[in-house]
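K.L.:
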Amino acid sequence: MPELPEVETVRRGLAPAMEGVVIARAQVNRPDLRWPFPENMAQRLTGARVERLRRRSKYILADLSTGETLLIHLGMSGRMLVSGDPLGQFVHEHPAPEKHDHVVFDMDNGARITFNDPRRFGAMDLLDTATAEQHPLLAKLGPEPLGNAFNESHLVGQVKPRAMPIKSALLDQKIVSGLGNIYVCEALYRGRIHPARRSNKISEARIAALVPIIREVLEQAIEAGGSSLKDFRQADGELGYFQHSFDVYGREGAPCRTPGCTDEIKRIVQSGRSTFYCPNCQR
DNA sequence: ATAACATCCTGAGAGC
DNA sequence: TGCTCTCAGGATGTTA
Numbered sequence: 001m002p003e004l005p006e007v008e009t010v011r012r013g014l015a016p017a018m019e020g021v022v023i024a025r026a027q028v029n030r031p032d033l034r035w036p037f038p039e040n041m042a043q044r045l046t047g048a049r050v051e052r053l054r055r056r057s058k059y060i061l062a063d064l065s066t067g068e069t070l071l072i073h074l075g076m077s078g079r080m081l082v083s084g085d086p087l088g089q090f091v092h093e094h095p096a097p098e099k100h101d102h103v104v105f106d107m108d109n110g111a112r113i114t115f116n117d118p119r120r121f122g123a124m125d126l127l128d129t130a131t132a133e134q135h136p137l138l139a140k141l142g143p144e145p146l147g148n149a150f151n152e153s154h155l156v157g158q159v160k161p162r163a164m165p166i167k168s169a170l171l172d173q174k175i176v177s178g179l180g181n182i183y184v185c186e187a188l189y190r191g192r193i194h195p196a197r198r199s200n201k202i203s204e205a206r207i208a209a210l211v212p213i214i215r216e217v218l219e220q221a222i223e224a225g226g227s228s229l230k231d232f233r234q235a236d237g238e239l240g241y242f243q244h245s246f247d248v249y250g251r252e253g254a255p256c257r258t259p260g261c262t263d264e265i266k267r268i269v270q271s272g273r274s275t276f277y278c279p280n281c282q283r
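The first sequence begins at 1 in the UniProt record's numbering and counts up by one.
1. Count the other CB atoms within 10 Å of the CB of cysteine 185; is the residue buried (16 or more) or exposed (fewer)?
2. How about cysteine 256 and arginine 192: do their beta carbons lie closer than 7 Å?
3. If you check the beta carbons only, do phenylalanine 115 and methionine 80 fall under 7 Å apart?
4. Where glutamate 51 and leucine 64 are concerned, what is the direct C-alpha to C-alpha distance, given to the nearest angstrom?
5. DSSP three-state call for serine 274: helix, strand or coil?
6. When the distance is taken between beta carbons, is isoleucine 268 closer than 7 Å to alanine 254?
7. Who are the Cβ neighbours of tyrosine 59 in its own chain at under 8 Å, not counting the five residues just before and after it?
8. On a Cα-Cα basis, can you pick out the residue from His102, His94 and Lys99 that is closest to residue 287?
9. Between the alpha carbons of glutamate 144 and serine 57, how many angstroms are there, rounded?
10. Specify, as a first and last residue, the run of the beta strand (DSSP E) that leucine 127 falls within.
11. Looking only at its own chain, which residues have a Cβ that is under 6 Å from the Cβ of alanine 208, when we skip the five neighbours before and after it?
12. Would you call the CB atoms of histidine 102 and arginine 34 closer than 7 Å?
13. Roughly how many angstroms separate the alpha carbons of valine 248 and serine 271, rounded to a whole number?
14. Just list the residues that DSSP pairs glutamine 27 with in beta bridges.
15. In the structure shown, what three-state DSSP assignment does proline 145 receive?
16. Quick one: give me the first and last residue of the alpha helix (DSSP H) that histidine 154 is part of.
17. In terms of residue numbering, what span does the alpha helix (DSSP H) encompassing tyrosine 183 cover?
18. Buried or exposed: arginine 283, going by 16 or more other Cβ atoms within 10 Å of its Cβ?
19. For the alpha helix (DSSP H) holding glutamate 219, just list the boundary residues, first then last.
20. Between Ile202, His92 and Val211, which lies nearest to asparagine 148 when the distance is taken from Cα to Cα?
21. Considering glutamate 51, what are the terminal residues of the beta strand (DSSP E) in which it resides?
22. Pick from Ile222, Asp236, Thr258 and Cys261: whose alpha carbon is nearest that of glutamine 243?
23. Grab me the residues of alanine 123's own chain with a C-beta within less than 8 Å of its C-beta, minus the 5 sequence neighbours each way, in chain order.
24. Could you check the C-alpha separation between glutamate 98 and isoleucine 202 for me, to the nearest Å?
25. With a CB to CB cut of under 6 Å and the five nearest residues on each side skipped, what residues in its chain are close to valine 104?
26. Whole-angstrom Cβ separation of methionine 107 and valine 21, contact assumed at under 8 Å?
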């Protein structure tokens with residue numbers, strides 16, 4: 001479900017309730033998500049203070065006072081919801097436990113963080129903070145699209161030699177990390193590039209032009225609190241609203257929004273996943 | 001090395 | 001009401 005903007009939205013929602021706060025109790029309701037939880041996860045989290053909540057690509061990283069870092073991935077359907085009263089200003093009842101509430105943190109400021117994930121494609125792990133980037137899930141990730149290492153020369157250098165469709169290249173987390181199906185479709189529309197176009201057949205200038213476009217799409221989506229299709233919620237339970245700004249994603253058969261274009265949005269399947277684009281505007 | 005495909009899992013919605 | 005079928009924001013692992 002969540003791509004970079006949704007994960008960043010969740011991180012921002014969790015931060016006020018978790019940063020600098022001790023995990024008073026960790027409740028783990030099943031042995032695994034996508035993979036088994038680490039050994040003694042609940043015990044290793046209990047009593048730890050969350051020093052900082054970071055994000056790397058689509059992962060949330062909670063640096064703990066114990067020298068370990070909790071890695072959280074939301075998979076396709078994961079949510080993290082804050083309930084209770086972190087600031088001590090109101091009395092909030094915690095909601096009744098729901099199906100698929102797999103992990104619950106009770107913070108010592110009164111906040112409760114509930115991780116709910118029906119499909120269980122999500123993950124949690126504990127790693128040494130000092131060597132966190134060497135974790136198998138993080139080690140091979142490409143640069144952050146909103147960081148300085150993601151620039152024109154990087155993207156051209158990574159994309160230009162490849163024969164794969166440009167959509168596949170942008171989805172490859174080793175080339176740039178954090179994009180998913182929605183934002184790749186939206187970025188290619190803005191860049192006027194056909195998603196099935198072979199990467200090595202695109203001029204360097206057009207590849208380079210994707211850099212500011214990708215940044216812009218992601219920043220606008222973060223600004224809107226992410227995109228809510230079926231299950232995405234911000235940490236306070238609110239919907240994101242960037243889905244109202246989609247130009248192509250989920251708009252099969254709807255008119256293209258480019259001024260003067262009378263064509264309609266098409267859907268194709270690329271390596272098993274839906275791609276939306278305008279056949280007139282994107283070449 | 002590359003790319004297509006199946007796979008993990010549940011739920012929502014469409015069609016009958 | 002209920003059955004079957006398709007599809008879904010991710011990412012790994014297997015196959016050709």
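Even for Gly, the Cβ is constructed at its ideal location relative to N, Cα and C.
P.N.:
Reading from the atomic positions:
1. It counts as buried.
2. Cβ distance not < 7 Å, so cysteine 256 and arginine 192 don't count as in contact.
3. Their beta carbons are under 7 Å apart, which means phenylalanine 115 touches methionine 80 by this criterion.
4. Going from the Cα of glutamate 51 to the Cα of leucine 64 covers about 5 Å.
5. In this structure, serine 274 counts as strand in the three-state DSSP scheme.
6. Against a cut-off of 7 Å, the Cβ pair of isoleucine 268 and alanine 254 comes out as no contact.
7. Taken in chain order, the residues that qualify are Val7, Leu71, Ile72, His73, Leu137 and Leu138.
8. This structure cannot speak to residue 287, because the chain is shown only from 1 to 283.
9. Rounded to the nearest angstrom, the gap between the Cα atoms of glutamate 144 and serine 57 is 6 Å.
10. In the DSSP annotation of this structure, the continuous segment of the beta strand (DSSP E) that includes leucine 127 starts and ends at 123–128.
11. Correct list, in chain order: Glu152 and Val156.
12. Inclusion of histidine 102 and arginine 34 in the CB contact set at 7 Å is not warranted, their separation being larger than that value.
13. The straight-line gap from Cα to Cα measures roughly 18 Å.
14. Under DSSP, glutamine 27 shares a beta bridge with Val104.
15. Correct three-state label for proline 145: coil.
16. For histidine 154, the enclosing alpha helix (DSSP H) covers residues 152–159.
17. Here the alpha helix (DSSP H) through tyrosine 183 covers 181–190.
18. By the 10 Å Cβ count, arginine 283 comes out exposed.
19. The continuous alpha helix (DSSP H) containing glutamate 219 extends over residues 204–223.
20. Out of Ile202, His92 and Val211, Val211 has the C-alpha closest to the C-alpha of asparagine 148.
21. Taken as a continuous stretch (DSSP letters only), the beta strand (DSSP E) holding glutamate 51 covers 50–56.
22. For the options Ile222, Asp236, Thr258 and Cys261, the alpha carbon positioned closest to that of glutamine 243 is the one of Ile222.
23. Leu33, Arg34, Trp35, Leu71, Ile72, His73, Gly75 and Leu137.
24. The straight-line gap from Cα to Cα measures roughly 49 Å.
25. Closer than 6 Å at Cβ, skipping near neighbours: Gln27 and Thr114.
26. Yes, they are in contact, since the Cβ atoms of methionine 107 and valine 21 sit about 5 Å apart, within 8 Å.
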